[in-house]
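In the numbering used here, the protein residues as written are 1365 to 1544.
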């Protein structure tokens, strides 16, 4: 990331053996994120309640060869955290289940609005029999750190193979020098 960084697309490509559907999950780096609830007090909106989420992924994007809900069993999605509903987002304080659900939903909504959480079904393109490609978009406000790229080959409703690769996002140039 340089001082003029406005976001970028990264091409991800690979090869598979045999047939099957693909799911790519890009996530990271872990962060502590805060969510606040505003209330109107005498006509003025003020922050009232606040909840922190520890080790929440700062960025989370899923790409798949087709719509996940149609063919990928929920047990597989839950085990491999494929979908925002399966992320382990635990509030830092004890809350009633209704409040916990509301703060978690607000956190996810905020991340989606910033472009940090996305689901792009049908975005993986197969080329020939073995090759595939997809583009991962990183917005201008993406945090630096180590990201994890997980690729799953799914056959007959089961994970046939998986591979995890780190992706490093860092600052370079004068912006990095000033930051340090």
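Idealized CB from N, CA, C, for every residue including glycine.
Contact set for residue i: own chain, Cβ-Cβ below 8 Å, skip 5 residues either direction
| i | result |
| --- | --- |
| residue 1507 | 1393, 1395, 1422, 1423, 1533 |
| residue 1420 | 1394, 1395, 1396, 1397, 1451, 1453, 1471 |
| residue 1499 | 1373, 1374, 1375, 1376, 1487 |
Buried/exposed call for residue i, threshold 16 Cβ in 10 Å
| i | result |
| --- | --- |
| residue 1491 | exposed |
| residue 1386 | buried |
Which of helix, strand or coil DSSP assigns to residue i
| i | result |
| --- | --- |
| residue 1475 | helix |
| residue 1413 | strand |
| residue 1407 | coil |
| residue 1529 | strand |
| residue 1461 | helix |
C-beta neighbour in chain D for residue i, strict 8 Å
| i | result |
| --- | --- |
| residue 1507 | As a matter of chain content, chain D is missing from the structure shown, which is built from one protein chain. |
Proximal residues to residue i (C-beta, below 6 Å), its chain only, five neighbours per side dropped
| i | result |
| --- | --- |
| residue 1515 | 1388, 1527 |
C-beta atoms of residue i and residue j nearer than 8 Å
| i | j | result |
| --- | --- | --- |
| residue 1417 | residue 1464 | no |
| residue 1436 | residue 1518 | yes |
| residue 1485 | residue 1443 | no |
| residue 1474 | residue 1399 | yes |
| residue 1522 | residue 1370 | no |
Spell out a yes or no on whether the region 1408-1419 and the region 1475-1486 are touching, meaning 3 or more CB-CB pairs, one atom from each, closer than 8 Å.
Contact between the region 1408-1419 and the region 1475-1486 is not established, with fewer than three Cβ pairs separated by less than 8 Å.
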